[in-house]
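Undergrad: In this text, residue positions in the sequence shown follow my numbering: the first is 1, and each later residue adds one. Here it is: the structure, laid out below.
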Amino acid sequence: MDSPRTFASRLLRAGLLEDVSVLSAGAPAASAGEHDEVWRAVRAACAELGASLLEWDPAQAPGRTDVVVFDGAGAFAACGPQGTGAGQREALDRCMELAWELTRAVVDSAPLSAGWAGRIIYIAPRRGAGAHADAARAGLENLARTLSIEWARHGVTTVAIAPGEDTPAEEIGALTAYLASPAGAYFSGCLLDLAGPGGTPVSLPE
């Protein structure tokens with residue numbers, strides 16, 4: 001019996017990501033099993049559309065890849081307890097550190113000077129994921145906007161995705177797969193907010 005098709009394959013053309021390599025990272029390995037729902041959905045969507053999947057190993061240079069995906073939702077959830085206080089601040093700090101470490105590792109390994117013109121997609125924590133979830137969302141949005149300007153001359157595009165509290169993981173995966181496709185090259189320096197209207201203002205931690 002054939003396995004059920006993913007949301008992405010029902011929306012997007014078969015083979016859309018053939019010859020596209022996608023490097024992804026999210027929750028640290030020690031706790032990935034509990035916090036990798038979005039990461040798994042992204043990989044499933046990209047794989048079904050023909051992408052070659054790579055997984056980031058911080059101990060090794062990642063090499064050249066077409067698309068980089070950082071699952072900040074998983075990283076944020078894994079790096080600190082729910083609630084408020086120092087643990088949540090630690091989750092915010094570590095989420096942003098991991099996002100930059102992955103980004104820096106890729107552009108150092110490719111590198112920009114050798115003509116790497118890849119795509120970087122940051123997936124932010126869901127709204128309501130913790131006291132500093134909105135701050136993490138704002139941080140990843142700012143990173144995407146800043147790098148889109150800094151690296152535009154190299155042909156690098158950067159985008160942030162902000163899921164709503166109830167956005168299904170497979171929808172996040174489908175949008176990520178779309179952004180990894182040739183059509184995704186038209187997006188850069190922007191936040192794709194899936195939370196809809198009426199979101200609460202961002203409150204940065206003191």
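Note that CB positions come from ideal geometry on N, CA and C, so glycine has one too.
Does the beta-carbon of G118 have 16 or more other beta-carbons within 10 angstroms, so that it is buried, or is it exposed?
TA: G118 is classed as buried because its beta carbon has at least 16 other beta carbons within 10 Å across all chains shown.
Undergrad: Spatial neighbours of A105 within its chain, please: CB distance less than 6 Å, with the 5 preceding and 5 following residues excluded, ordered by chain position.
TA: P62
Undergrad: Quick check on the DSSP output: the beta strand (DSSP E) that includes F70 runs from which residue to which?
TA: Here the beta strand (DSSP E) through F70 covers 67–71.
Undergrad: With distances taken Cα to Cα, identify the nearest neighbour of L16 among I120, E90, G189, L175.
TA: L175
Undergrad: Say whether the segment 161–178 touches the segment 32–48, bearing in mind that this needs 3 or more beta-carbon pairs closer than 8 Å, one atom from each stretch.
TA: yes
Undergrad: DSSP state of A195, grouped into three classes?
TA: coil
Undergrad: Could you check if R94 belongs to the surroundings of the ligand ADP, using beta carbon to heavy atom distance under 7 Å?
TA: No copy of the ligand ADP appears in this structure; indeed no ligand is present at all.
Undergrad: Is it true that the CB of L54 sits closer than 8 Å to the CB of S21?
TA: Contact check for S21 against L54 passes: the beta carbons are separated by less than 8 Å.
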